[in-house]
Amino acid sequence: MHPQLDNRIRSRLRLRHLELLDALGDTLNIHQAAPRLNLSQPATSKLLRELEDLYRVQLFERQARGVRPTAAGETAIHWARLLLHEAGESLAETHLVASGASGRVRIGTLSVAIPMLFHGVIARTHTSMPGLVVSVVEGSVESLLAALQRKELDLVLARLTQETAGREFTSEALYAEPVSLVVRPSHPLSRKRRVTVADLARYEWILPPERAPMRQELERIFVEHGIARPSVRIETNSSLLIDTALAQTDMVAAMPRSIAQMYQARGHTKALRLDIAISMPPVGIVTRADDSRAPLVTAFIELVRKAAKNA
């Protein structure tokens, strides 16, 4: 940033300006944005003129029934919302530390990483990072990466695919997590010494959504063997839903091996003995490429690396 521009922004940009950008981005109308700021319409118009003078560029085109952001305005709205979010997180974390916690790490994860995360990482924080609050969000890779970009998450644990390889992200492979195909313990296939693709094709399936790497790999295997893709009855990433559905049906499901072993140890499911190999991308850490990590996040990532060696 140019030094003069930097000084002007530092001395004149206010939280009110950011709130105005956020409000206009939502309402596209100065009259409707004014109440959100507890300002009159003339005062809101004045604040917008002040903001455009500060940026030295037109941010909104005035129209008969409102305003429309220019390309520069869209960019300004995007950054204003990020800064407002960061301000809110700063306040929340300050209150958290004041209450006795050492800080907070916000993690997005797919189900594949949950056993490693809870058994290997969070257990270690009790001794190495006492007082740490770990906020965990489970979701699809698309939703988690979007939240990571919005700075709502500090890191994501997921299988490393094309989606995680974008220039906006930095990824690091941690460990391999094979896939198991599971059924209820009394399922007809559970007694077979070797289960073939033809055997699997006779049953309905519970699989992740279509874009999930696990589903794509299974469909590839079926097609490679000259068999129609699996007949999917339920689409879900929820291991609890899978466990419940398998108990009542003859469906087949795919699970990360560590989760399948957990359910099998409880007597809920049984992993099939297969005559095929299911190849999957490794599980890894994804962070923002343009981000300077807080020391707390860096320390937590180091714990994840250590736990992954034992996964």
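Numbered by our numbering, the letters in the sequence shown go through residues 18 to 328 in order. In this text, a Cβ means the ideal position worked out from N, Cα and C, and glycines have one as well.
Every beta strand (DSSP E) stretch that sits fully inside the stretch 209-233 and reaches 3 residues is listed by chain position as 221-224. Closest option to R98, judged by alpha-carbon separation, among E36, F135, A316, R283: E36. Its Cα nearest to that of R305, the residue L174 stands out among L174, Y72, T253. Closest option to L32, judged by alpha-carbon separation, among A88, Q49, T87, I94: I94.
Between V300 and E194, the C-beta gap is smaller than 8 Å, which places the two residues in contact.
Between L257 and R201, the C-beta gap is not smaller than 8 Å, which leaves the two residues out of contact.
Ranked by how close their Cα comes to the Cα of L235, the residues L291, S57, G90 have L291 in first place. Judged by DSSP in its simplified three-state form, L99 adopts helix.
Between the alpha carbons of S62 and S309 lies a gap of roughly 36 Å. One alpha carbon belongs to E78, the other to R85, and they sit about 5 Å apart. Counting only unbroken stretches of 4 or more residues, the alpha helix (DSSP H) elements lying wholly within the stretch 248-277 are 256-265, in sequence order. Nearest neighbour of V122 by Cα position, chosen from P132, S128, I139, turns out to be I139. In the structure shown, E155 falls within a strand segment according to DSSP collapsed to helix, strand and coil.
Cβ contact annotation for A51 (same chain, cutoff 8 Å, sequence separation greater than five): S57, Q58, A60, T61, in chain order.
Residue pairing by DSSP places E78 opposite R85 in a beta bridge. Distance check between L45 and each of Q80, R208, R66, R228 places Q80 closest, using alpha-carbon atoms only.
In the three-state scheme derived from DSSP, where H, G and I count as helix and E and B as strand, E185 is classed as coil. Here G125 is near L161, since their CB atoms are less than 8 Å apart. The beta carbon of E169 is closer than 8 Å to those of H102, R123 in its chain, skipping five residues each way along the sequence. Distances from the alpha-carbon of A316 to those of S128, G137, M146 put M146 closest. Secondary structure note for S197: its beta strand (DSSP E) is the uninterrupted segment 196-200. Remark: C-beta atoms of L172 and I318 approach each other more closely than 8 Å.
Nearest to V212 by alpha-carbon distance, out of K287, D43, A325, is K287. Comparing C-alpha distances from R184 to each of K323, D267, E69, V303 shows the shortest one belongs to V303. When rounded, the separation of the alpha-carbon atoms in Y72 and G90 is 10 Å.
Where R123 is concerned, the enclosing beta strand (DSSP E) starts and stops at 120-126. By the neighbour-count criterion, in which a residue is buried when 16 or more other Cβ atoms sit within 10 angstroms of its Cβ, P312 is exposed.
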